[in-house]
Amino acid sequence: MKILVLNCGSSSVKYRLFDSTPPVTLTKGLIERVGEAGGDAADHTEALQRVMESVDLSGLGAIGHRVVHGGSLFSTATIIDDKVVAAIEGLVPLAPLHNPAALSGIAVARKLLPDVPQVAVFDTAFHQTIPADGVTYAIDADLASRWQIRRYGFHGTSHAYVARETAALLGRPPEETNVITLHLGNGASACAVERGRSVATSMGMSPLPGLVMGTRSGDIDPTVLFHLHRTAGLTLDEIEHSLTRTAGLQGLAGANDMREIQRRRHDGDPAAELAFTVYCRRIKEYVGAYLAVLGHADAITFTAGVGENSPEVRAAALHGLSTLGIDIDDTRNRRGDRLISSDSARVRVCVIPTDEEQEIAMETSKALRD
Ligand code: ADP
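Sequential numbering from 21 applies to the sequence shown in this note's numbering.
Right, dumping it as structure tokens:
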């Protein structure tokens, strides 16, 4: 059976066609600058029509849609019907940038291929296993429940995939393996995975908090917002733009790409040096916290653009932790091995390329079987 995975962003549509068991990629592509002047498509309808024309849909058994926010409603991949669409619509206030794009993808795909089952795979679903004490903010409980304010967490498909691949690399059953997964891409988040289940993650109600990212601040004191509004006179929209688009590495050193930060750091640029150290220290703080949450970790796994490709970040983020059983082997790290810890280290350190589309395809076929 073939499965088409669709990842509709606000201005792009990524697609990949799989043959399901075992998942083999048949075709993939990207339609960019959707809705922009000179872009590949005028809107999501046209973009998806392009996708349908460019892939061989014979034998298509299902479409898997990536949906960013599933709120508290979805703890697993779910077959899409009108009720599910309405529920995803109801979550738009929690993900105003992301869920509308997924919804238009779902609407167009259902219209073009009404007989093909469609499945929603949520970035938040994997984190639904985090216990109440890990998702509850210590704020007025009535306000929190009225406005659905809690931690949801994101990058769930990636954390789930690399945690399982880590167990496979170590030759252990996933349900007997504890892993701290570090997804370091443009967005970045950490996750504590206990026996295959997420028990803590660094993003929150939105993908803004936690680790330092390309253009997002990660954790800050919320009083900064009051101060920027009252004292500096910025509007709420300006503050949101600042913390999501011009913060993080971009805000500290004027570049959101870690390769450039590293280059400039080697050239002696103090802003790039500070950006690098702030970025790596934040990772270390979360690793320490999640070691405590788990009590015992079998592995720490790096993934996504920075995690897979930057030996410098990996070394700096875990530097000085040998008393906690964490020690990176310099040669393995620089060589790009999958297992980069030293032989004597208690906690294995791994580098695993993430594959969110493949995970979405697997979740899609699982949803159809269940
Ligand atoms: P996205 O979150 O958009 O999927 P990726 O996971 O592809 O992003 O990560 C993109 C980031 O990875 C880039 O912005 C860049 O900072 C980083 N990156 C890619 N290659 C390298 C490298 N060789 N060294 C350091 N960082 C890298």
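Glycine is no exception: its CB is placed at the ideal position from the N, C-alpha and C atoms.
query: Which residues in the same chain as VAL139 place their Cβ atom closer than 8 Å to its Cβ, once the five residues preceding and following it in sequence are excluded?; result: ALA82, ILE83, GLY84, HIS85, ALA97, THR98, ILE99, ILE100, GLU383, THR384, ALA387 and LEU388
query: Going by alpha carbons, who is nearest to ALA212 out of ASP257, THR255, HIS147 and GLU56?; result: HIS147
query: Quick one: what's got a C-beta closer than 7 Å to VAL136's C-beta in the same chain, skipping five residues either side?; result: LEU80, ALA82 and ILE83
query: When the Cα of VAL333 is compared with those of ASP277, THR343, HIS316 and ARG366, which residue comes out closest?; result: ASP277
query: Below 7 Å CB to CB, which residues in the same chain sit around LEU272 once its five sequence neighbours on both sides are set aside?; result: ALA291, LEU294, ALA295 and VAL298
query: Do you know whose CA, among LEU190, ILE240 and VAL199, lies nearest THR221's CA?; result: VAL199
query: Over what stretch of residues does the alpha helix (DSSP H) that includes ASP257 continue unbroken?; result: 256-265
query: Between MET285 and ligand 1, is the CB less than 8 Å from at least one heavy atom?; result: As written in the sequence, residue 285 is Arg, which differs from the Met given in the question. No, the Cβ of ARG285 stays beyond 8 Å of every heavy atom of ligand 1.
query: Just to confirm the assignment: which complete alpha helix (DSSP H) runs, minimum length 4, are found wholly within the region 36-93?; result: 64-74
query: Could you tell me which residues DSSP pairs with HIS203 in its beta bridges?; result: SER209 and THR323
query: Could you pull the start and end residues of the alpha helix (DSSP H) that ARG177 belongs to?; result: For clarity, residue 177 is Thr in the given sequence; the question names Arg instead. Where THR177 is concerned, the enclosing alpha helix (DSSP H) stretches over 176-190.
query: In this structure, how does DSSP classify SER361 when only helix, strand and coil are distinguished?; result: strand
query: Three or more C-beta pairs under 8 Å: does that hold for the region 103-117 against the region 148-159?; result: no
query: I'd like the span of the alpha helix (DSSP H) that includes LEU123, first residue to last.; result: 119-132
query: Which residue comes first and which comes last in the alpha helix (DSSP H) that contains VAL313?; result: 290-314
query: Measure from the C-beta of LEU132 to each C-beta in chain D and report whether the shortest distance is under 9 Å.; result: Absent from the structure: chain D. Only one protein chain is present.
query: With ALA317 as the anchor, note down where its alpha helix (DSSP H) starts and where it stops.; result: Note, ALA317: premise wrong, no alpha helix (DSSP H); not H, not E.
query: Would you say the beta carbon of ASN119 is closer than 8 Å to some non-hydrogen atom of ligand 1?; result: no
query: In or out: MET21 buried (at least 16 other Cβ within 10 Å) or exposed?; result: exposed
query: Determine which residues share a DSSP beta bridge with ARG368 and list them.; result: ALA319
query: Only counting the same chain, and skipping five residues up and downstream in sequence, which positions put a Cβ closer than 7 Å to that of MET72?; result: LEU132
query: Are the Cβ atoms of GLY173 and VAL326 separated by less than 9 Å?; result: no
query: Regarding ALA336 and ligand 1, is the C-beta to nearest heavy atom distance less than 8 Å?; result: no
query: Which first and last residues belong to the beta strand (DSSP E) in which VAL139 is found?; result: 138-142
query: Could you check if MET17 belongs to the surroundings of ligand 1, using beta carbon to heavy atom distance under 8 Å?; result: Residue 17 lies beyond the residue range present for the chain, which begins at 21 and ends at 390; the question has no answer from this structure.
query: Any heavy atom of ligand 1 closer than 8 Å to the CB of ASN353?; result: no
query: Would you say SER330 touches ligand 1, meaning its beta carbon is less than 8 Å from a heavy atom?; result: yes
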